[in-house]
Structure formats: structure tokens, C-alpha cells
Amino acid sequence: MASSAQQVNKNDLVQAQCHVFNNICAFLSSMSLKCAVELGIPDIIHKHGKPITLVELSEALSLPPSRTESAYRLMRLLVNSGIFATQNIGENQEEEGYVLTLSSSFLTTDTEYTLAPFVVNLLNPAQVKPGHIFSEWYRGTAPTAFEADQGMPFWNYLAQNPEYEKRFGATMAKNSHLVMTSIVKEHKEVLENLKSLVDCMVLDLPTLIANIPGTDNLEFIGGNMFEAIPPADAVLLKNTLHNWGDEEGLMILKSCRKAITTKVIIIDIVVKEGKKQENDEFSKTQLYFDMLMMSTHNGKERTEKQWEKLFVDSGFTHYKITPLMGFSSLIEMRYTCQFDVTKSRSPQNLWLSSQDTLGVWVVSRAARLLLIFEFQSHQSCLFLVGMIGASHTIHLIAIAWRRSLKNSIVKTLHNKVISFYPSDTERVGAAGLQIVDTYCQ
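For the sequence shown, full-length UniProt numbering assigns the number 1 to the initial residue and increments by one for each residue that follows.
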């Protein structure tokens, strides 16, 4: 150590030592944050309406005089970590007052986007204790560190602790508000052409929705997403798949594919891969949540490659990822059937293959080839009729038997791959592929 230390800049050595100590003591930052939220300090500062002095804060907290210095040390740490800030006040600007930062504005209880319940719930002893047995869990066989510590899966623990379950549900609801508001305002195209945008169904375990009343356009349905999902124009999965491993995630997505007529919308984390990871707040948050999912649910935060494999294995071959504000992403998936042209362009030698189809019929007539492709899913039928002329231009007529399938998109890649998606409309030039017409009964 001595010889290697001599080769290292002394300042770098001290910085490295402090880095280790800071990671060791990081739990004190979390617990100080929890203490501030439980004491209601963010609300007190917010309601005060101006910078609040230490004496005023101590009085508002009804602290005994012996705790004033301790309160100062708590606030000093939270100011250093950027949760709160100070401003000089008084006639001579000699006194300091505490103010909220943008971060602590998320900790007041009267905001729609409050994270205060998240702080208390995530730092609950039941959530923190499994961290003490990580090394033991790695050597063992328990599915999660949580189960190794509590003797039951997380969801069973919730069922046996109704008060905690209630707080957990409220936390998830608050956490959803900011993201969903962003999607509605900034990503309206994702929700276009969805009848269920105004007529919604919420699927959850029967015990969780037993006493929740519905409305004219909102229905609560008891069920299990691993068994079946009610038919819908689209399915929205927000922070759902990261709770589960790939085997369970595959089951959920296959249930979705059976239920939908248009697409699946996923709101979840897409972890940056390898060297693309940056030393920033977003990447660090993603990795923290990945460890949380692993230790609590045996789930994971996935990279794009891991997401893609899950989609393909469940029958979805078309997806689009749009980064959202913060560390989450918006993923859209459509059910796709592909035709692969594996031979020459000559109509007589055209070979087609498709997956998940009821039938493909090929009839050759001189220089023309008639293709009839039948697509059926949950009583929705669509016939795709294609004719290839002498110029090898492909003309298609799509006939939909259900209004939700009226729009169709057909693409060609180098005249070798034709993909059909049951949504949107696109016209490709005469040199490639054309949609001739679309009918809807």
C-alpha cells in the first residue's frame, strides 16, 4: 500500500478515502431525510412563506431547548446534500434562514407530486432490514433478500399488514401523477385513436379493489394479470414489469397480446448499457431502483436489449422507446405479423412466411400472384389481399371487420420484408408498396 500510495497524488488519495467513507455513511443521509419528512420540516418551511430561522423552526417543531443544536446539525447535513438551502436575512444580512429547494418542494404534502410517502415507505424497517443480509442472501437460495429476512414475499407482507399496504398504494398513486401528467401533455400521440382513453378499466387483485366504486367511464375489475387481461384497445403497464423476472414478465406480456387490439404501453426504466452509463443523477437512480427490485421483488430494471428479448419472446416485434422526464421511458409495442420474401422477385418464385396467422393462401396466375392473409384476434378479423403486377409493385387492399382495425400500416424493406401493423396509416411510393384502399363495416 505504501509503495503504490507514493505513486498516487496525495489529494486523489484523500478524495478516494472520503469517497469510501461517504458511501459507508450514506445511510445517515437517507435517515436524516426521513427524519425531516416525519417531523414535517418541508411543510413548515413552505407554510412559513419566507426564510425560517433555526429558532423559528425549533419553535414550530416544539423541540425541547436541548435539541436546538441537534436540529441545526440535521439541517446542515440536508443543506449540504441539496435538500434545503439557506439565505442571509435580517437588517445586516447576518442571520441565516432555511428555504426549500426544487428537491424539497417534492417533499411537501400539499403538492400533487409529493414524494413524502415514498420516503417514509421505502425507508420503513421492513424495506431496509434486508440490506443487512445481502451477503448472506447472495450465498443462499431465497428468491429475494426481503423474503429471506421477512419469511414471505413482499406482496404477502403487504396483505398481512393492511396499514402499510394502504400507505404503499397511496405512494404509488402519488408517484404516478407526475409521469402521467407529462404523457397527457407532451405525448398525446401515444393515446390517439384509443377508445379506452375515455373508457378505462383498472385490473387489480380483488382484495385491493373490493370497496372502490367505479364511474360511468371507469371500471374496476378484479383479476390476475398472469391468468387473463380483459379485452381492450390498449393496455398500460406502469412500473409493473420491473417488479418481475423475465419468466413472469413473459406471462404478463402474452396475456396482454391476447387482450389488445392496438398496442401495449409501458412506462418503466430503460437502463443505459455499459459505457453509455453516465455518472449523473438519472443513471444512479436507475441503478438504485434495479438493486431495490432485485432485493425486494426478484425483478429488474432492464436495458433496451433485455426489453427487446422480452418483447420478441412474447410475440411483439415492433416497439418504440421514448425517454420521459427523469429516469423513466415510454415504450409502445404493437402486435406484428411479418412476411419474409426469401426467393427472387418473380411472382412464381415468391415465398412467404408468417407467424401467428390463421392461414396464408397463395395462387399464381401468369404474371400475377394473389395473396390472402387472414388475421384474427379476439373476434377481430382483417383480410389482407395483395396483388403483384408485372412491375413488381405490390398493391394491397385491407378489409377490416372491426372499426378499431380500420387504420393499417404496411411497410416494405428493399422489397424483401413486408410488415403489417394494425394501426396508423402509411403510403409507400409506387416503386415499393401501396395501400390501395381501406374498408370498414
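Using N, Cα and C, we set each Cβ at its ideal position, and we do this for glycine too.
Using a 10 angstroms sphere on the CB of Leu115, the tally of other CB atoms reaches 16 or more, which defines it as buried.
In the three-state DSSP reduction, Pro51 falls in the coil class, being neither helix nor strand. By the Cβ-count criterion, Asn298 is buried, with 16 or more other Cβ atoms from all chains shown falling within 10 Å of its own Cβ.
The alpha carbon of Leu78 has as its nearest neighbour, out of Glu94, Lys47 and Val37, the alpha carbon of Val37. Per DSSP, Phe316 is one residue of the beta strand (DSSP E) stretching across Phe316 to Pro323.
Taking all protein chains shown into account, Asp12 has fewer than 16 neighbouring C-beta atoms within 10 Å of its C-beta and is therefore exposed. Ile267 places its beta carbon less than 7 Å from that of Ser328. In the three-state reduction of the DSSP assignment, Gln15 falls in the helix class. Between Leu178 and Tyr113, the CB-CB gap stays under 7 Å. When DSSP states are grouped into helix, strand and coil, Glu95 belongs to the strand group.
Counting of Cβ neighbours within 10 angstroms places Pro125 among the exposed residues, the total staying below 16. Taking Leu250 as the centre and dropping the five residues before and after it, the same chain places the C-beta of Leu310, Asp313 and Ser314 closer than 8 Å to its C-beta, in chain order.
For Ile89, the uninterrupted beta strand (DSSP E) segment begins and ends at Phe84 to Ile89. Closest by C-alpha distance to Phe118, out of Phe168, Gln160 and Asn92, is Phe168. When only Cα atoms are considered, Ala26 and Phe289 end up about 16 Å apart.
In the DSSP assignment, Ala71 falls within the unbroken alpha helix (DSSP H) covering Thr68 to Asn80.
Scanning Pro231, Met225 and Lys272 for the CA closest to the CA of Leu253 turns up Met225. Counted as a single uninterrupted DSSP element, the alpha helix (DSSP H) harbouring Ala36 occupies residues Ala26 to Leu39. Listed as beta-bridge partners of Leu330 by DSSP are Ile267 and Thr322. Taking a 10 Å sphere around the C-beta of Tyr138, we find fewer than 16 other C-beta atoms and assign the residue as exposed. One Cα belongs to Gln93, the other to His242, and the distance between them is close to 50 Å. In the DSSP assignment, the residues bridged to Ile260 are Ala232. In the structure shown, Thr285 adopts helical secondary structure according to DSSP, grouped into three states. In the structure shown, Leu115 adopts coil according to DSSP, grouped into three states. In this structure Ser295 is not in contact with Ala142, their Cβ atoms being roughly 11 Å apart against a cut-off of 8 Å.
The closest CA to that of Leu102, considering only Ser81, Gly90, Met172 and Ile269, is found on Ser81.
Setting aside the 5 residues that flank it on each side, Val190 is surrounded in the same chain by Ile183, Ile265, Leu330 and Glu332, each with a C-beta closer than 7 Å to its C-beta; the list follows chain order.
Following the DSSP letters along the chain, one finds Lys305 inside the alpha helix (DSSP H) bounded by residues Glu304 to Asp313. DSSP places Lys129 within a helical segment (H, G or I) once states are collapsed to three. Boundaries of the alpha helix (DSSP H) harbouring Ser182: Pro162 to Glu186, taken from the DSSP string. The Cβ atoms of Pro42 and Ile89 lie no closer than 7 Å to each other.
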